[in-house]
Every structure is written in C-alpha cells, then in structure tokens.
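Chains as they are written, first to last, in our numbering: chain A, 1 to 474; chain B, 1001 to 1341.
Notes follow the structure.
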Amino acid sequence: MRKQLGKSWGATVGPFLQRALLLFLFSPAICHAQIRTWYTGQTCSFNLATPAGPECLLWSGCVFSTYFTTADGNYVPLAAFTMDVASDGSQASFTVEIATDVPTEKATFTFISACDPANADCPGETNAVFGQYSFPVQIESLSAIIKDTSDIMNGTVEVKLSAPEGTTGDLVPVFHGTDASGAAIQYGPEFPALAPGTQQIQLPFDDPPPAIYTTIDGAWYATPPGASTTQTVDIPTYTMPTPWTYFRKVFYTQYNFAHENACSGGDADAWVVSASTSKGTTTCSFTKISLNAQFISAVWINGTGVDNNGDILRMAMVPTLGSGAGQKCFGQYPLGAIGVTPKLPNGKNGSGNTFVIAAPPITGSCSGQSLVPDQSLAMPCSRSGKLCPPAVLSGVKALSCGDQLNLDSGDYATASTRSADDKCPACSDTGPFNDVNSVMYGADGHIDAFSSNTSCTGKGVGSLGFFYTSYPTN
Amino acid sequence: MRSQTGFVADRLLGKATMLSLAGLLTFTFAAPLSAQDCPVNSGVHTICRQIGNAEAVSVTSPFGAYPTLQPTVYWHDDEWKIDMLPQSSPIGELTMSLTSKDGITKSVKFPAVLLVQVDSIIRSPGDKAIILGEANGTSLVFSIVDLNLAKIVDGSLIYHPSISPNRRFLIYNNWYQPHLGGENLFTLYDTLKSAAENTCGYGESNPLYKRNADALGGIQVYPAQSSCLDGPDDGDDNQDASDFLWSSDSSRVVFADVKSSILSLVLVTMPVGAKEHPKTEVYSFVGAENICSGSATCGYKNLSSLAFTAGAVKATLVGVDSSGKPVEKNLTVPFSKFSPI
Chain A
1 MRKQLGKSWG ATVGPFLQRA LLLFLFSPAI CHAQIRTWYT GQTCSFNLAT
51 PAGPECLLWS GCVFSTYFTT ADGNYVPLAA FTMDVASDGS QASFTVEIAT
101 DVPTEKATFT FISACDPANA DCPGETNAVF GQYSFPVQIE SLSAIIKDTS
151 DIMNGTVEVK LSAPEGTTGD LVPVFHGTDA SGAAIQYGPE FPALAPGTQQ
201 IQLPFDDPPP AIYTTIDGAW YATPPGASTT QTVDIPTYTM PTPWTYFRKV
251 FYTQYNFAHE NACSGGDADA WVVSASTSKG TTTCSFTKIS LNAQFISAVW
301 INGTGVDNNG DILRMAMVPT LGSGAGQKCF GQYPLGAIGV TPKLPNGKNG
351 SGNTFVIAAP PITGSCSGQS LVPDQSLAMP CSRSGKLCPP AVLSGVKALS
401 CGDQLNLDSG DYATASTRSA DDKCPACSDT GPFNDVNSVM YGADGHIDAF
451 SSNTSCTGKG VGSLGFFYTS YPTN
Chain B
1001 MRSQTGFVAD RLLGKATMLS LAGLLTFTFA APLSAQDCPV NSGVHTICRQ
1051 IGNAEAVSVT SPFGAYPTLQ PTVYWHDDEW KIDMLPQSSP IGELTMSLTS
1101 KDGITKSVKF PAVLLVQVDS IIRSPGDKAI ILGEANGTSL VFSIVDLNLA
1151 KIVDGSLIYH PSISPNRRFL IYNNWYQPHL GGENLFTLYD TLKSAAENTC
1201 GYGESNPLYK RNADALGGIQ VYPAQSSCLD GPDDGDDNQD ASDFLWSSDS
1251 SRVVFADVKS SILSLVLVTM PVGAKEHPKT EVYSFVGAEN ICSGSATCGY
1301 KNLSSLAFTA GAVKATLVGV DSSGKPVEKN LTVPFSKFSP I
C-alpha cells in the first residue's frame, strides 16, 4: 500500500506492519546514507528494514511520523513524500523530494512510532514511543555559480554546477554591461544540457554585443534524475573582478616604416624642411636632397621612414608644422617641393616630397611611447583637432595611450597582446560597418597595427584580419 | 544587418530584457549591392555582379590588403575584358590585362608602392576604367586607366569611394595621412573629363594656382572651397559622414555630414555636359528637426536611412530626447529646400 503524506507527517499504521523498526538500512539509491547529501528537487529513496521491533506496529492504533527538521527545529518542506510498506511489515521504503526553496543546511530525518492513546486497540501503553530513529542529512540546493572570468577575454567562463549525478539542464548566464552611450546591454547565451561539475563554457564570439560587461547572473534550468519538474536554479549575481571590455570583431590593418635600403628604382628630388620662429615670424629653410623615389612615396603614405643614412624622416605635415593653409611653412615652399597637402599629384607617380628629420626613437602620436614592431598599434582617434583625442572603438569606449589589448582569432586563446602606442584618425572613419560598400563591412572597429616589416612597398605588410578584441581580464 | 542588441534566451526574456540604445540606432542604409561569395575567389568575400551586359567580380571589404594574394577581379563586357593578373612581381607590382573585342591584349602595370591590391574594376564611359584598390589596407587608391592607351591617366589616395550607377562619376573623401588626420573633403571625379579638367585650378593662368592644382585630385564639392589656393584643411570640424547615396539616374548624390554637432544633408547635382560643374546644396537639421539636441554626441549614426523620392530626399533620423527616450523622425526634404553653399 502507499500512503501519501503531506507536511504533517503522521499516519496510522495498519496492522500489516508487524515489526518494530530497529535498524535503518538504506538502499543504494542516490540518497545513499554514506553520502547523506540530498539535493532539493531530487527524488531520494531509502528503505527501513525491520528485523525485529516493538509491538506498536501490530496494532491499528500505532502512529508514526516522519519528518525533517533543521537544526533549529523548523520543518524542511517537502515537495513530495511517499511510503511503501512491505506486506509482511519487514520493510518500509520512503521516497522524498525536498522542495526547491530549501537552503543549504543540515537537517535530521526522524521516524517515530508510538501508540495512539485515543485508539482502543492500543493496549495500555498509551503515549508510549516504541521507536525513534534519526540520522542527519546534508541538504544541498542545486546551484550554478560563476567561478572565474579571468579568461573571458578569450571567451571562456568557468561555472560550477552542483546537483546530483545525472542531473542535466540548460544554462543561461546573462551578462550585463553598458556601451559608450551608457545604454544597458545584456547578453544571455544558452548552453544546452549541462551536467553537474565545473564547466568551462565558451561564448560564441560573434554574439555578445560590444560593451563593458561587469556582472553575470541568469539561471540553470536543471532536472535532477527522477524529478518531476525542471528547477530554475538562479545564478547568484557575480561581479567580475575585472570588467570584460569587449570590442568584439576588430579588423587589423598594418602599417610599417619603410627603409630606403629596401627600395628599388631611381632617385628623385626631395626636401628637408626645418622651421624656426622669431618675433612671431616663422622662417622655414628647405634643403634639397635626393631620395629613392619609391621611398618618398612610401614615407608619404605611412608617415615615417628611415633613409639610407639612418635618419628618421617624417612627412612635412607633422603636428609641429601643421597642414594645409595653416601650415607654418605654407607659401614658403620652393618650386617642386610638396609638403602642404596630403594628396598625390594627379596622373603622376609622385607624392609629397618634403620631410622633417625626427630624433630617435621612433614614436607615434602617444607622447613618450616608442613604437615596438609587431606589438604596438594605432588606436582610432578623432580627426577633430591636432591632438587627435582617442575615439570610441566599437561603440564601447575610447582607448588610451598605453592600453593593452588581447587579440583572439576565435580559437579561445590569446593570439597576441598589443599596446596602444599610436593614433590612427583614419581608423575612426570607417563608415557604417553594416554597409557592404563600407571600408570595414562586418567589423565593429578598426585598428592599425605596427609591423616590423621594413619593405618599401606594401607587399610585405598585409592586413592581419579580424581579431576578437578585449582588454585583458587576467 | 548586424544588431547591436544582445539576445537573451527566450526563457529569460520576461525577466529583465532591455534594448540598448545602440540597437535602436542601428544604421539601416540600404546597400545598393548584395554580396555573395563567388566561386572564383573561394574563401574571399567577393561580389559577383551583372552590370548591363558586363560581368564583374570585385573584392569587398573588409578583406583588407593581402599583397601576396591578388584575388581574381575582373570586368568583362562585349568590348573589353579587363583582368587583374595573379601577383607575381617580387616587389609587389600589379599587372592588369586589357583585351579588346579585336583580341588585342595589352597590359598595365601599377606602381607597387601606391597600389598593393586591386579590389574592383569598373568600366566607365569613354573607354576608361575606374580601378579601386588598397594602398596599405587603411588607405585606398583610385586609378583611371585609359583602355585604348593602356595607360594610367590619373589617380590618388582616397577614402570611401562611391561610383555612380552610370559609372561616370566617382565621389570620395580626400586622403589624409592615416595617422595624422584631417577633415572630410568630399571630392567628385568626372571620368568624362581629362585629368587636368578634374583639378580645381584648371583654366587658371596663375602659376600659383597651377602648382596647387597639381596636388588636387577631382573637384572638391563640400565643404565649399572659395579658392583653389585654399588648403586642404580649413580648421572646420567636418569629421563624420554617412555613406554616399546615388539617385538611380546618377543625377544626384546625397550624404550626411556633421559639423559643430549639426547633422546636415549634402546634395550634389552632377554636371551634364563636360564643361559644367557640379552644384552642391545643403539642408541642415536644426530647430525641431535637430536630432542631436538631446545627445552628447552627433554623428552619421543619427541618420538611420536615406532615400531619394520624387523631387525630395527622405531621411529617418534617430536619437534621444532630453530625457533619454529614443526619438525617431521621418522627414522629407524637397530639393527646393536645399541651399547652395
């Protein structure tokens, strides 16, 4: 027979239960005594064997109770409780399912059999307790906890899922952040059918919107073995020790500083300009030199180059001189010298040809920071103003000089770590990325990386391509 | 179109889903072309198009510059077969093959230092071709090739080129050194004109104009240029612009420009005859139409769509009001409301 018991766990045992309960023997089910850890929502079964016992259960007036209590005496709520008694009374088996709102704590399972004094069939020994048996149970709630986000820059988050073996469920962590406008961004991927244990979940790189993510919550929709329903196991809000600043899909082009000794072909006229200002008047002196023609163009395109004398040449439109009509030397150029305008002459295989000589080391637009080949990069900056203030990358935030970036090609590993040591106004002006005709269609942002290649042409300086880009989080 | 809004698994949607502002501002310019991978360039994002009786294959961004791998790019019509040849030069010099309908094949070599990769070839009227390519992945290049002469007759470093549907005009942002910057100088190139005619100083006898004109490619259509001696950067802050949108008959092109936090539409009417000049007019969204009034920033993303309609330009502006609530304005601006610059 089966009796369904609610939260008041008293029942009158029929005469079929012949033996007192002297010894608890537990079935090898998931609620094994040696584990004594029961999970909320888990259906646990165990047996009580009765090799010998009091007389109580021979009588119809025998009453017994089973219940769970916490250390402070409160009842532990059950979602379900059933009892089966062997026909010869030698064994009783119980199945319990602890409600899902049970906090993690220790509880005591108690079984009491007694004689009901109100029942005439109870012989004399009214209020007698024939048997009382207890054992402790560690009740655990199912849990899903974010454990580690130190490698989230490479798309990996460590999650610990606690539940009885055999549990499975979909995990939906929700990442909360903001973008550069301050708008709230949230992203909740679904990881299906995850089992208990420590999991390294890997985010699909293309999906999280670019943002600065600071917290994670969400839920694990777990179904313990044998449970009648799926539990919603909330992920406690996890605050990342280091926010995940995710620029998503950044396209990396490359630039280099050509060396004249890598160039081919003949020479052409060029000029070196220097400016001095006295009493508000700027005087520019121009020195005509001869440089490799390819080298002249290469320096004009990339901004800087190294000539055969080892001098660092920069195009004349450096910030110290300015450009266009506002350039200090505007109007003083000798015939043939071009250094005011960045544009190339029409129909001519030429370029600007006027340079300033810069003192080593080679630096970019970040004050005091040398450019390190294959490590430094030029970050987007606004073209307004000569100081070129950093511009927002990927709609997330503007980088600062010296910022480190983690580049991941999509294989969940760091491809390289690069440093923002230079500025790239052109990188902030890549147009709407969702227009197939835009320069950077499909990209969230654009960065120009400094290459160690010293070739005179662009042949050795191809683009690096896409990298999923974050601030380091470890 | 890429959404900037994160997705949350359906079961959590009822819990706390918020749309991001960025999502509301997603740009929805209609792309005039549809992209598809062409079998001729396996693994490379390319566009295959049928343009009239021509078949064209071009590389689309962000392929970047991969100088050792010149993808298959060509223009084939009844009169010309124009093909980029595989990269074979040790210094990166690219070669283009021109085959006329008579079966005569000539070649054009591009200077390696200025052009490391050709992305597209478009044949323009007058037996010319507009070649668009990469100088280094960041800077772009256009070259005009005279097909009969098999010769590069013009070209420049540029940004954001856009070719008119009739393939006569090219509009672009003038080049500035990528790491030094400069403001947007929108420039129009007319392939029906010669290289000299496409300079600001054409026709000027003053040698100063002539020297300056040597350095100017195309005709600057916006901002206004009072003199060919104007420098390339007048200190304005035209830094943020939308894509170019051509009318289907190629008679006009419109784009958005932002200056001093005011979003404006710039409408350029194309010259018809070879001697005419383009006409530029502007309409600024001010007063009640100022979509940027509630925002700290103002940019091309405040313009979510743009279209030509009969005698007017239709624009959808998006932004936020002073309380931060999303705002969308659908405006139709007749051509007559644009003011000459």
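All C-beta atoms, glycine included, are put in the ideal place defined by N, C-alpha and C.
Using DSSP's beta-bridge definition, name the partner residues of residue i.
i                       : result
residue 418 of chain A  : A:405
residue 424 of chain A  : A:380
residue 1096 of chain B : B:1084 and B:1108
residue 1048 of chain B : B:1057
residue 221 of chain A  : A:170 and A:232
residue 252 of chain A  : A:447 and A:465
residue 1283 of chain B : B:1265
residue 306 of chain A  : A:259 and A:312
residue 1270 of chain B : Looking at the DSSP assignment, residue 1270 of chain B forms no beta bridge with any residue, so it has no partner.
residue 470 of chain A  : A:246 and A:406
residue 1069 of chain B : Answer is none; residue 1069 of chain B lacks a bridge partner.
residue 363 of chain A  : A:370
residue 1220 of chain B : B:1187
Does the beta-carbon distance from residue i to residue j come in below 8 Å?
i                       : j                       : result
residue 163 of chain A  : residue 39 of chain A   : yes
residue 179 of chain A  : residue 395 of chain A  : yes
residue 1319 of chain B : residue 1294 of chain B : yes
residue 316 of chain A  : residue 372 of chain A  : no
residue 1277 of chain B : residue 1219 of chain B : yes
residue 1130 of chain B : residue 1163 of chain B : yes
residue 301 of chain A  : residue 1139 of chain B : yes
residue 425 of chain A  : residue 1076 of chain B : no
residue 1128 of chain B : residue 1191 of chain B : yes
residue 1280 of chain B : residue 1341 of chain B : yes
Which residue wins for smallest C-alpha separation from residue i, given the options the options?
i                       : options                           : result
residue 1146 of chain B : B:1291, B:1195, B:1288 and B:1266 : B:1195
residue 522 of chain A  : A:221, A:136 and A:333            : Given a span of 1 to 474 for chain A in the structure shown, any question on residue 522 of chain A remains unanswerable.
residue 1108 of chain B : B:1132, B:1082, B:1102 and B:1120 : B:1082
residue 295 of chain A  : A:309, A:327, A:258 and A:328     : A:258
residue 45 of chain A   : A:422, A:225, A:404 and A:160     : A:225
residue 1173 of chain B : B:1152, B:1166, B:1114 and B:1257 : B:1257
residue 1168 of chain B : B:1311, B:1177, B:1193 and B:1260 : B:1193
residue 269 of chain A  : A:250, A:290 and A:249            : A:290
residue 240 of chain A  : A:215, A:233 and A:223            : A:215
residue 1327 of chain B : B:1340, B:1334, B:1289 and B:1337 : B:1289
residue 1078 of chain B : B:1052, B:1059, B:1092 and B:1066 : B:1052
residue 297 of chain A  : A:70, A:101, A:96 and A:458       : A:458
residue 265 of chain A  : A:398, A:293 and A:305            : A:293
residue 377 of chain A  : A:260, A:251 and A:74             : A:251
residue 380 of chain A  : A:455, A:373 and A:388            : A:388
residue 97 of chain A   : A:68, A:112 and A:73              : A:68
residue 403 of chain A  : A:366, A:409 and A:314            : A:366
residue 1114 of chain B : B:1080, B:1148 and B:1155         : B:1155
residue 1080 of chain B : B:1144, B:1104, B:1284 and B:1267 : B:1104
residue 1334 of chain B : B:1310, B:1092 and B:1324         : B:1310
residue 235 of chain A  : A:423, A:474 and A:222            : A:222
residue 1069 of chain B : B:1048, B:1093 and B:1049         : B:1093
Along the chain, where does the alpha helix (DSSP H) that runs through residue i open and close?
i                      : result
residue 298 of chain A : 293–302
If we define contact as Cβ-Cβ less than 8 Å, is residue i a contact residue for chain E?
i                       : result
residue 1091 of chain B : Note that chain E does not occur in the displayed structure, where the protein chains are A and B.
I need the boundaries of the beta strand (DSSP E) containing residue i, first residue and last residue.
i                       : result
residue 1330 of chain B : 1326–1334
residue 315 of chain A  : 312–315
residue 198 of chain A  : 197–202
residue 270 of chain A  : 267–278
residue 1319 of chain B : 1312–1320
residue 70 of chain A   : 62–70
residue 1259 of chain B : 1252–1259
residue 1341 of chain B : Unbroken run through residue 1341 of chain B: none, as it is neither H nor E.
residue 1247 of chain B : That residue, residue 1247 of chain B, is in no beta strand (DSSP E); it is neither H nor E in DSSP.
residue 187 of chain A  : 184–187
residue 321 of chain A  : Segment: none, residue 321 of chain A is in no beta strand (DSSP E) and carries neither H nor E.
residue 1039 of chain B : Element bounds for residue 1039 of chain B: n/a, residue is neither H nor E.
residue 357 of chain A  : 354–358
Please go through the stretch 1107–1178 of chain B and give each complete beta strand (DSSP E) segment of 3 or more residues, from N-terminal end onward. The stretch 1107–1178 of chain B is shown to contain whole beta strand (DSSP E) runs of 3 or more residues at 1117–1124, 1128–1134, 1140–1146, 1151–1163 and 1169–1174, in chain order.
Which ranges does the beta strand (DSSP E) cover as unbroken runs of at least 3 residues, wholly within the stretch 139–169 of chain A, from first to last along the chain? With a minimum length of 3 residues, the continuous beta strand (DSSP E) runs that stay inside the stretch 139–169 of chain A are 143–148 and 156–162.
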